[in-house]
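Under the working numbering, read the sequence shown as residues 1133 to 1426, first letter to last. Report on the structure given below.
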Amino acid sequence: MAYNLLKGKKGIIFGALNEMSIAWKVAERAYDEGAELLLTNAPFAIRMGDISTLAGKTKSQVIPCDVTSLEDIENLIKKSIGIFGGKFDFVLHSIGMSPNVRKDIPYDHTNYEYFLKTLDISALSLHKILQTCRNLDAINDWGSVIALSYIAAQRTLDRYNDMADAKAILESIARSFGYIYGKEKNIRINTVSQSPTRTTAGSRIDGFDSLIDFTERMAPLGNATADECADYCITLFSDLTRKVTMQNLFHDGGFSSMGMSEKAIRQYEKSFEDRNNTDFMDFIDTQKFCCKRV
Ligand SMILES: NC(=O)c1ccc[n+]([C@@H]2O[C@H](COP(=O)([O-])OP(=O)(O)OC[C@H]3O[C@@H](n4cnc5c(N)ncnc54)[C@H](O)[C@@H]3O)[C@@H](O)[C@H]2O)c1
1133 MAYNLLKGKK GIIFGALNEM SIAWKVAERA YDEGAELLLT NAPFAIRMGD
1183 ISTLAGKTKS QVIPCDVTSL EDIENLIKKS IGIFGGKFDF VLHSIGMSPN
1233 VRKDIPYDHT NYEYFLKTLD ISALSLHKIL QTCRNLDAIN DWGSVIALSY
1283 IAAQRTLDRY NDMADAKAIL ESIARSFGYI YGKEKNIRIN TVSQSPTRTT
1333 AGSRIDGFDS LIDFTERMAP LGNATADECA DYCITLFSDL TRKVTMQNLF
1383 HDGGFSSMGM SEKAIRQYEK SFEDRNNTDF MDFIDTQKFC CKRV
């Protein structure tokens, strides 16, 4: 169901690779809500992915941009102003990549060149985009910028690797730039911390199937899907949320506020029942023995 929430608004969507991408869902939803869009991704992703299908569906143009290149970003923003015939209203940063994750290099054996690449692509790119937009005065007053984040910025999650550090920096950039752009132009900048979602980037994390099962059991509302994330982003691009800025907004079915849930504890108990683990039984016996002694 569409409500024309973005009627008359224009925006740039970074990071739609294929129809599983969160950015893809946001673009479809924004188009349905009346927005005029411009799509962008790295040149290799445009060649490998399906972005032209999305461009057809949303009647948008595609402009290549590798977000590590300031030159590419400047070219994109200048061309966008030309195509839109002026400033635009919203930006979605939906970009993440870690060469260490891709090459299965664990956090405690990190390759520092790759680490810097992770930070450049996944976090500094937000700063580069914002600084370029500000220099070119490209975003309308009361515009809205969203970057997608993950709870590994606050809590340690096994095997999330250097992406955790990238997300922590990303969220900090949203606050620091949110202050500057807010006081000057009333432009709001937020991060949306999304549940684990089955996408190309998400599925690269080692142990992803177990993680998504765990968070589904822990969150009282269950994991948020990519479509639900898109719905949420639309509200943040709309005029209904004009005073929300510099926030990291959890969109995770309540996972971030949980300690332990009934569903997760049941599964944990089941694993005890299922296994014939003598160490565990020995441990229980020891505890009983100790308790009797006390
Ligand atoms: N999938 C999840 O579980 C999950 C959970 C929380 C947050 N997120 C975040 O959501 C965002 C989108 O990821 P996704 O899950 O939709 O996966 P995705 O693989 O569909 O999107 C990642 C995008 O980053 C783009 N990208 C990589 N390097 C780039 C570069 N140099 N220049 C420009 N673009 C580049 C890719 O081409 C791709 O389109 C990421 O920031 C990710 O960390 C994902």
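All C-beta atoms in this analysis are idealised placements derived from N, C-alpha and C, irrespective of residue type, glycine included.
Inset, instruction - Counting only the same chain and skipping the five closest in sequence on each side, list residues whose C-beta sits under 6 Å from that of Cys1365. - result: Val1158 and Ile1278
Legend entry - Exposure label - Val1376; buried when at least 16 CB within 10 Å: With fewer than 16 other Cβ atoms within 10 Å, it is exposed.
Inset, instruction - State the CB to CB distance for the pair Ile1428 and Tyr1313, rounded to an integer number of angstroms; the pair is presumed to be in contact (CB under 8 Å). - result: Nothing about residue 1428 can be reported from this structure: the residues present for the chain run from 1133 to 1426 only.
Inset, instruction - Please classify Tyr1364: does DSSP put it in a helix, a strand, or coil? - result: helix
Legend entry - Arg1161, buried or exposed, once every other Cβ within 10 Å from all chains shown has been counted against 16: Around the beta carbon of Arg1161, 16 or more other beta carbons lie within 10 angstroms, which makes this residue buried.
Legend entry - Among Leu1208, Asn1267 and Asp1252, nearest to Ile1301 - alpha-carbon criterion: Asp1252
Inset, instruction - Kindly examine ligand 1 and report whether one of its heavy atoms sits closer than 7 Å to the Cβ of Met1229. - result: Met1229 Cβ: within cutoff of ligand 1.
Inset, instruction - Taking the CB atoms as reference points, tell me whether Gly1166 and Phe1222 lie closer together than 8 Å. - result: no
Inset, instruction - Answer with buried or exposed for Asn1355, where buried requires no fewer than 16 other C-beta atoms within 10 angstroms of its C-beta. - result: buried
Inset, instruction - Check whether the stretch 1133-1152 touches the stretch 1168-1180, counting contact only when three or more Cβ pairs, one atom from each stretch, lie closer than 8 Å. - result: yes
Inset, instruction - Confirm the yes/no value for this check: CB of Lys1146, any heavy atom of ligand 1, distance under 7 Å. - result: What sits at residue 1146 in the sequence shown is Phe, not Lys. At least one heavy atom of ligand 1 is nearer than 7 Å to the Cβ of Phe1146, so yes.
Inset, instruction - Determine the direct distance from the alpha carbon of Phe1382 to that of Ser1389, and round the result to whole angstroms. - result: If I take the Cα positions, the gap works out to 10 Å.
Inset, instruction - Excluding the 5 residues preceding and the 5 following Phe1387 in the sequence, name in chain order all residues of the same chain whose CB lies nearer than 6 Å to its CB. - result: Residues of the same chain with a CB within less than 6 Å of the CB of Phe1387, apart from the 5 flanking positions on each side, are Thr1347, Met1350 and Ala1351 in chain order.
Inset, instruction - Measure the CB-CB distance between Ser1257 and Ile1283 and report whether it falls below 8 Å. - result: No. Outside cutoff.
Inset, instruction - Report yes or no: do the stretch 1225-1232 and the stretch 1265-1281 share at least 3 C-beta pairs separated by less than 8 Å? - result: yes
Inset, instruction - With hydrogens ignored, establish whether the beta-carbon of Ile1278 is closer than 7 Å to any heavy atom of ligand 1. - result: no
Inset, instruction - Could you name the residues that DSSP lists as bridge partners for Lys1317? - result: The partner list for Lys1317 (beta bridge, DSSP) is empty, contrary to what the question assumes.
Inset, instruction - Tell whether a beta-carbon distance below 8 Å holds between Ile1337 and Arg1291. - result: yes
Inset, instruction - Using alpha carbons as the reference points, say which of Asp1345, Met1378 and Cys1361 lies closest to Tyr1400. - result: Out of Asp1345, Met1378 and Cys1361, Asp1345 has the C-alpha closest to the C-alpha of Tyr1400.
Legend entry - Closest by C-alpha distance to Asn1318, when choosing among Ala1362, Arg1374, Thr1367 and Cys1265: Among Ala1362, Arg1374, Thr1367 and Cys1265, the Cα nearest to that of Asn1318 belongs to Arg1374.
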